[in-house]
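A short worksheet on the structure shown next.
Numbering (this note's numbering), first residue to last: 3 to 90.
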């Protein structure tokens, strides 16, 4: 939930997007979350200091997700992360 809110927050805050897309894919052992926005500007993983009050979103995604990335689209981009999950 935290990582989803970080990607959605980034899509709204940094691109000014009024509309964005959110998709969840589940396959055996994995979940993939994708946030699509209309900007082709790439997110940037910035160094984080202990007392910073903002700028930690992508840092958290990088540390907590198993993998993440960005796919450029003809009109915008999709920022995604994947995490291993235990199948029940």
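Virtual Cβ for every residue (Gly too), placed ideally from N, Cα, C.
Values in this document were obtained by computation on a predicted structure and should not be read as measured data.
- In this structure, residue 12 lies away from residue 40, with their beta-carbon atoms at least 8 Å apart.
- A Cβ-Cβ separation of about 6 Å places residue 64 in contact with residue 47 under the 8 Å criterion.
- With three or more CB-CB distances shorter than 8 Å, the stretch 78-87 counts as touching the stretch 20-35.
- The Cβ atoms of residue 20 and residue 36 do not sit closer than 8 Å to each other.
- Judged by DSSP secondary structure, residue 89 falls outside any alpha helix (DSSP H); it is assigned neither H nor E.
- In the DSSP annotation of this structure, residue 20 is not part of any beta strand (DSSP E), being labelled neither H nor E.
- For residue 52, the three-state secondary structure derived from DSSP is coil.
- In the DSSP assignment, residue 62 falls within the alpha helix (DSSP H) that extends over 59-66.
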